[in-house]
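Below is one structure; the comments refer to it alone.
Put into structure tokens, the structure is as follows:
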């Protein structure tokens, strides 16, 4: 008898579990028609990476849209050359969905062409590159531009900016881009092309921008070139710009600590591509927990749009769950993470359109303006929490001898 | 003197060529806003695969939309399970942009669930598959459905259809799907779920559908099962369904020959994914030129949406230019081909939305209804053109002895 | 007190679990040196896809090598054009590690060039394809060959074979390739190039070969062309070759059923690439369980080398665990499956070298020769086990009226 | 008459061109046998990415092996965690095939575990990450290690190293890694595990190592943590370590300039993965030409092993020909570049084995030891060649006011 009851109970449990598996929305989308708009189109995507795009858009609409969520945007890949600054990134910033940003130096360098009104053109990726080189045309996949009139001209203008007084000090890229953004903002206004520069938009909106590889890209190359010239000419006391990456590590970490510990809010990331910008954005939590030894649980929401797969060994493809084992992502929130294996030049515009159409603009957090406050809070928490502080101080003091 | 002139001329030529490289539209897209619709969003995509999506959409709008263009659609990958039938493929068919179709058997098998009103559900790809198997749940990536109530039930209903009289003969998949589509169309009407079955839509619109691997997929498995049963039970004289792939090879070829030679029109393909459906669609031209020896130049327009790259050895990733060396694609028209490395669950809905919003419905060519006429034309051209016909006849006649 | 004990116990359990996670071999490979051979090189691969390659090789050495394991090899992608027939596939067949095979028609078509002694050449994938077409050169990625002297000549010779008497009947590709293989074997001997044709090697070793898409590829095109000619010339009574895919479905299924049910052995697959050959090989188990309703558990071992990822929707990338929910793979044996995301032109030669160096040749199972016996066993099990048989017979009998 | 002659001549030319296309080695590899070694296996690879691997190996054997070729190795992706340091990278360094190196910070951080004798283990990528986090196990794809005993312990030991006197200054990563390498070399000797640390091997061989994103990775995090502590504790005068990326930009550029201009040699790169290490290595030529305005032509040889495709927008996938339009690669040498789309955990060991088996060890160039000499030469060439030097000096001098 009991056996039968047990069997029945077991069967009921099995059925319940089965029902759970089969409780997702039925796959039965409506037909695309003249009336279908972007929101409907995405809401209609049921499965595979289309389903991930929908999940990402819903996370943006339902979670990222909240005022207490601090959003980081990381950019890798040729996004600004492809025009995604004016079309998608700047609108997303203006909409209040970007509170801080990491980007490759290359993305910020090519942003200059837009601010300087130097044209890049649609072209083809199947051209004769030796001929391009002969003719003085430079190529980024299917984007073509003049080597002399765009690339070299950008460098010439950049150099004139880098020797301005406000740049003559040690700083992080956060401050560096702020000064640069102010100048680009002025140029942008003069050029009357509309809002075309990401760095100018960051300046206006008080959004801190970081590059984790400051020497990598033409901006870093020109900074290094000027340092070399200053050294060669004995002018080191005049040209004093030095990028200190440690400042950036701590300043980015301070953003997350403030959002979580001091403002009791949540943090979210939008990772466009992978690479060093992704890692730099995600290492803020390990910096808090592992290095500064402040108890914390990891970022709350994570959207990752990439073409890199985890099996190929690049960090670019590492999924949120792997990040959870490092303390990067809160392991209890893995359901609120999305990895979409999509081409970013298609997915990012769609996500931005979805956000703008389904949410109200968020109030800008203007975290750049609060840099010193955040830095103080970071030190405060560090000194309070790090059980090793005294030992470490002792280690440093030994250096006196 | 002359040297200088030559130099000047050379310099002018170099500049002219440079100008040509830099003559593409300037990359300066407008900002995404509340007013941005799907068409604007795509028109705004300047580079990388976003640029390819735009190019594909413009080809659809400007070339495929013409009444004299015969369009083939090939489907590989889990498209019908993901719901792309009702959302995108059927609307594209209804809009007159699909004149013939190739698909994997799996896509047509899973189309049955929709016609039979048996639900598939959104799920997750990170589930415990051993547990799913125990519970009787079947998975296609992130799509879940009941093994007994959906999979086995589909088979049971399919079998009852396969033993109907109209199926008891040798035929190609073109005819097979036509009979199947008629029944699915009736079921679809009864179920009142709207237009959900691709095969039903093909039936209504007179669109011939082909599967190049008729034994591969659960449809083919059930046909084979019935044949086995008939043999085992001595009922071979009653169950007479046999799929003859040669009929399909010639019937698909006849479509292209008619469009080009007899109607002096153009042919175009939309290749969604790669695999056997892509190859089967593209081999029509080599069948004309290489096997039937009828002079021809290759398909005129080619849009390929795939995630497969050419270097990995699959036909799925072979680009149109490689196809040109086989006679598949007209080598003089390579500029009117587009390969977009995009996820089809995102790209296909976008393309369909673009087409429906920017073009008028095309008149259905109803090529299924014209099957016999096309077959006769194929034979006619073959006998006229193939220099080897007499020799071949001689070879066959030797078989008498 | 009890609380403390519980805590201690809990902690111990946690530690035990942690130890389990950390019980894998330490990552500390020896240095590659002049003495390193292929086996050592692979044994030394600790992680990522290198680790998967090692796992696959160990599965081959430790499991596939057993005499009671029946091995299926599926081939998709341009393997024979790339020369992998003579270098890797034929040696693996000769070593007894291939008991049956599925392949795209294209792989078998290009195998003919080798048997016919018609040369293909190393070339480049960045050539001017329009120029190639003009010059009469055909391209498969970086492989180049003469359109007239190789492609057309292969067709001409193939046609002469197809009109031989042994081909004048309805058959599956299994029998078709057997007849073809016998002729290629003779040609191969005459040409004295060594063992270069996969089909000839299959013939010699009694290995059944299947193509699930018989009309897709130049072989299928020529069969169709001859059928068209026969029809056009009233010679249908002489040229009687018809490929019936249902025969192949049942013949391939019979192999698995025999190995598992009748010989109490195990079955294993080596899936090179994905596509229709992969699905056709794996659908044998669902054919047994779902269609023929014979209780069974799925294949035992599964090695899949592919570049397709599961998220992109192609069956090519579907992992073994997904297959387990369909009954394709035994869900209790998922630990003995390996998916390696590797380029097959590198991975396959490495695996074959590993097998040949670490295992003894297996006795050939010569399953082709046992075709009728296997077919009888399939019918026997079907009639015994299928609870629906009588119902189905009834359905077919209704066709009399 | 003339027309006929012309036609004949034209036909001859066409034939000649056709012959050229078909002049590549015939695809007819020998069978893999017990006697096949790694060199034979690779030499036998005719096409697709296998063919690229062969081409890369031949380039290494025939060009990179020359004493006048200066070789840079860039590392991105989880190479040291996967054990490729001891197995492949260190043997390649010892063989004299690495004259300078760029790497992500993560690769150099995980190199520490090996030097510190802290174990990482083979594991699985399909584990429950929330459980791992609970148990204190950290994951890198399929590599598992203890959070406390490995990750945190590495940090603790690293910190004690970072507060040593030799680190208390501004420096580039080149010098930073040199000091670190010396200490790791000592530890490695004590641990008696053999040569397991890439940084120790770099130290011994005088190989300069660069990381372009010094703040990105746990090494950079700990440097930043100590800087924060020093600031918070008023100990800035004691802890003075600052990484200046500009020093690295110029020091890496000096290597290329010396090799090409001063030693009239050639330069070559082995790019394993993409990302910032790839770009940083390749930007040396633009730094010479574009920023320092010294006429130069680009690197001579380029081998790139990556899974990133150019169309997805990451620099990781940008091919050498695109690099040629930037001056990175000599456009006249594009034939001596190879891009192989292969998994690096398989391809790198194969390439290293091939090199060690087919070439003699090269004399170490010990470029680290020559750092000051190279720096002086860079300044010398800069001052001689840059037409803008005086203008730039003037710009800097304006800062006085």
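Residue numbers (our numbering), protein chains in the order written: chain V, 643 to 1043; chain Y, 643 to 1043; chain G, 643 to 1043; chain L, 643 to 1043.
Even for Gly, the Cβ is constructed at its ideal location relative to N, Cα and C.
The structure presented is a predicted model; accordingly, all values stated were derived computationally and were not measured.
Does the segment 766-774 of chain G come into contact with the segment 717-733 of chain G, if we say contact requires no fewer than three beta-carbon pairs (one atom in each stretch) closer than 8 angstroms? no
With 9 angstroms as the C-beta to C-beta threshold (strictly closer), list the residues of the segment 981-996 of chain V near chain Y in chain order. 982, 983, 984, 985, 986, 987, 988, 989, 990, 991, 992, 994, 995
Whole angstroms is fine: what's the gap from residue 675 (chain Y)'s alpha carbon to residue 992 (chain V)'s? Within the second chain, the letter at position 33 stands for residue 675 (chain Y). Within the first chain, the letter at position 350 stands for residue 992 (chain V). Roughly 11 angstroms separates the two Cα atoms.
What would DSSP say about residue 1002 (chain V), mapped onto helix, strand or coil? Working through the first chain from its first residue, we reach residue 1002 (chain V) at position 360. Reduced to three states, the DSSP call for residue 1002 (chain V) is coil.
If you draw a straight line from the alpha carbon of residue 981 (chain Y) to that of residue 698 (chain Y), how long is it in whole angstroms? Position 339 of the second chain, counting from 1, holds the residue named residue 981 (chain Y). Position 56 of the second chain, counting from 1, holds the residue named residue 698 (chain Y). The alpha-carbon atoms of residue 981 (chain Y) and residue 698 (chain Y) are separated by roughly 8 angstroms.
C-alpha distance - residue 685 (chain Y) paired with residue 987 (chain G), whole-angstrom precision: To locate residue 685 (chain Y), count along the second chain from 1; it is residue 43. To locate residue 987 (chain G), count along the third chain from 1; it is residue 345. Between residue 685 (chain Y) and residue 987 (chain G), the C-alpha separation is close to 40 angstroms.
For the segment 735-764 of chain Y, list the alpha helix (DSSP H) runs that are entirely contained and at least 4 residues long, ordered along the chain. 747-757
Tell me whether residue 1018 (chain V) is buried or exposed, calling it buried when 16 or more other Cβ atoms sit within 10 Å of its Cβ. Counted from its first residue, the first chain places residue 1018 (chain V) at position 376. With fewer than 16 other CB atoms across the displayed protein chains lying within 10 angstroms of its CB, residue 1018 (chain V) is exposed.
Top-ranked residue by Cα proximity to residue 705 (chain L), from L:917, L:1033, L:912: Locating residue 705 (chain L) in the fourth chain gives position 63, counting from the first residue. Checked all of L:917, L:1033, L:912; the closest Cα to residue 705 (chain L) is L:912.
Any beta-carbon of chain L closer than 8 angstroms to the one on residue 877 (chain V)? The residue labelled residue 877 (chain V) in the question sits at position 235 within the first chain. Taking 8 angstroms as the threshold, the shortest C-beta distance from residue 877 (chain V) to chain L falls below it.
Near residue 953 (chain G), what residues of its chain come up, given a Cβ to Cβ distance below 7 angstroms and the 5 sequence neighbours on each side ignored? Position 311 of the third chain, counted from the first residue, corresponds to residue 953 (chain G). The answer is none, since no qualifying residue turns up.
What's the gap between the Cα of residue 901 (chain Y) and the Cα of residue 908 (chain Y)? Position 259 of the second chain, counted from the start, is the residue given in the question as residue 901 (chain Y). Position 266 of the second chain, counted from the start, is the residue given in the question as residue 908 (chain Y). When only Cα atoms are considered, residue 901 (chain Y) and residue 908 (chain Y) end up about 6 angstroms apart.
Unbroken alpha helix (DSSP H) run spanning residue 1016 (chain Y), endpoints: As a position in the second chain, residue 1016 (chain Y) is number 374, starting the count at 1. Run containing residue 1016 (chain Y): 1013-1027, per the alpha helix (DSSP H) assignment.
Less than 8 angstroms between the C-beta atoms of residue 792 (chain G) and residue 760 (chain G), yes or no? Here the question's residue 792 (chain G) lines up with position 150 in the third chain. Here the question's residue 760 (chain G) lines up with position 118 in the third chain. For residue 792 (chain G) and residue 760 (chain G), yes; Cβs fall inside 8 angstroms.
Which residues in chain Y have a C-beta closer than 8 angstroms to the C-beta of residue 881 (chain G)? List them in chain order. As a working mapping, residue 881 (chain G) is identified with position 239 in the third chain. By Cβ distance, chain Y contributes 1038, 1041.
Does the beta carbon of residue 967 (chain Y) come closer than 8 angstroms to any beta carbon on chain G? As a working note, residue 967 (chain Y) is residue 325 in the second chain. Residue-level contact by beta carbon holds for residue 967 (chain Y) and chain G, with a gap shorter than 8 angstroms.
Where DSSP assigns a beta bridge to residue 715 (chain V), which residues make up the other side? Position 73 of the first chain, counted from the start, is the residue given in the question as residue 715 (chain V). Its beta-bridge partners are V:743, V:912.
In angstroms, rounded to a whole number, what distance separates the CA positions of residue 972 (chain V) and residue 758 (chain L)? By 1-based counting over the first chain, the position of residue 972 (chain V) is 330. By 1-based counting over the fourth chain, the position of residue 758 (chain L) is 116. Going from the Cα of residue 972 (chain V) to the Cα of residue 758 (chain L) covers about 29 angstroms.
Tell me the rounded alpha-carbon separation between residue 752 (chain V) and residue 788 (chain V). In the first chain, counting from the first residue as 1, residue 752 (chain V) sits at position 110. In the first chain, counting from the first residue as 1, residue 788 (chain V) sits at position 146. Near 13 angstroms, if we compare the C-alpha coordinates of residue 788 (chain V) and residue 752 (chain V).
Rounded C-alpha distance that separates residue 892 (chain V) from residue 866 (chain L): In the first chain, counting from the first residue as 1, residue 892 (chain V) sits at position 250. In the fourth chain, counting from the first residue as 1, residue 866 (chain L) sits at position 224. Cα to Cα, the separation comes out at about 6 angstroms.
Helix, strand or coil, according to DSSP, for residue 643 (chain V) in the structure here? Here residue 643 (chain V) corresponds to residue number 1 of the first chain, with the count starting at 1. Unreliable placement is indicated for residue 643 (chain V), whose pLDDT of 47 sits below 50; the coordinate value is still reported in the next sentence. It is coil, neither helix nor strand.
If the cut is a Cβ gap below 9 angstroms, which residues of chain Y does residue 650 (chain G) touch? Translated into positions along the third chain, residue 650 (chain G) becomes position 8. Simply none; closest approach about 31 angstroms.
How would you list, in chain order, the residues of chain G whose beta-carbon sits under 8 angstroms from the beta-carbon of residue 924 (chain Y)? As a working note, residue 924 (chain Y) is residue 282 in the second chain. What residue 924 (chain Y) touches in chain G: nothing, since even the nearest Cβ is about 10 angstroms away.
Through-space distance from residue 755 (chain L) to residue 643 (chain V), alpha-carbon basis: As a first step, residue 643 (chain V) must be located in the first chain, where it is residue number 1. As a first step, residue 755 (chain L) must be located in the fourth chain, where it is residue number 113. Below a pLDDT of 50, predicted positions are generally treated as unreliable, and residue 643 (chain V), at 47, falls in that range; no measurement from the model is reported.
Should residue 598 (chain Y) go down as buried or exposed, given a rule of 16 or more other Cβ atoms within 10 Å for buried? The requested residue 598 (chain Y) is not part of the displayed model; chain Y covers only 643 to 1043.
Any idea if residue 1002 (chain V) is buried or exposed, counting beta-carbon neighbours within 10 angstroms, 16 or more meaning buried? Taking the first residue of the first chain as position 1, residue 1002 (chain V) is located at position 360. So residue 1002 (chain V) counts as exposed.
Residues of chain G with a CB under 9 angstroms from the CB of residue 921 (chain V): which are they? Here residue 921 (chain V) is taken as the residue at index 279 of the first chain, counted from 1. What residue 921 (chain V) touches in chain G: nothing, since even the nearest Cβ is about 18 angstroms away.
Straight-line Cα distance separating residue 736 (chain G) from residue 782 (chain Y): Here residue 782 (chain Y) corresponds to residue number 140 of the second chain, with the count starting at 1. Here residue 736 (chain G) corresponds to residue number 94 of the third chain, with the count starting at 1. Going from the Cα of residue 782 (chain Y) to the Cα of residue 736 (chain G) covers about 36 angstroms.
Excluding the five sequence neighbours on either side, which residues of its own chain have a C-beta within less than 8 angstroms of the C-beta of residue 588 (chain L), listed in chain order? Residue 588 (chain L) lies beyond the residue range present for chain L, which begins at 643 and ends at 1043; the question has no answer from this structure.
By Cβ distance, which residues of its chain are closer than 8 angstroms to residue 703 (chain G), with the 5 residues on each side in sequence left out? Counted from its first residue, the third chain places residue 703 (chain G) at position 61. 996, 997, 1000, 1001.
So which residues of chain Y does residue 691 (chain L) contact, with C-beta pairs closer than 9 angstroms? Position 49 of the fourth chain, counted from the first residue, corresponds to residue 691 (chain L). In chain order: 953, 954, 955.
Which listed residue (V:834, V:837, V:842) has its alpha carbon closest to that of residue 818 (chain V): Numbered from 1 along the first chain, position 176 holds the residue referred to as residue 818 (chain V). That would be V:842, whose Cα lies nearest to the Cα of residue 818 (chain V).
Beta-carbon within less than 6 angstroms of residue 926 (chain G)'s beta-carbon, same chain only, minus the 5 sequence neighbours each way: which residues are those? On the third chain, position 284 is the one that residue 926 (chain G) refers to. Within the same chain, and ignoring the five residues on either side of residue 926 (chain G) in sequence, the residues whose Cβ sits closer than 6 angstroms to its Cβ are 894, 895, 898.
Label residue 1042 (chain L) either buried or exposed according to how many other C-beta atoms from any shown protein chain fall within 10 Å of its C-beta, with 16 as the threshold for buried. Here residue 1042 (chain L) corresponds to residue number 400 of the fourth chain, with the count starting at 1. Under this definition residue 1042 (chain L) is an exposed residue.
Who are the Cβ neighbours of residue 747 (chain Y) in its own chain at under 7 angstroms, not counting the five residues just before and after it? Working through the second chain from its first residue, we reach residue 747 (chain Y) at position 105. Excluding sequence positions up to five before and after residue 747 (chain Y), its CB lies within less than 7 angstroms of the CB of 853, 855, 856, 858, 859, 861, 862, all in the same chain and listed in chain order.
Do we get a CB-CB distance below 8 angstroms when we pair residue 785 (chain G) with the residues of chain Y? Along the third chain, read from residue 1 onward, the residue named residue 785 (chain G) stands at position 143. No, residue 785 (chain G) does not count as interfacial toward chain Y.
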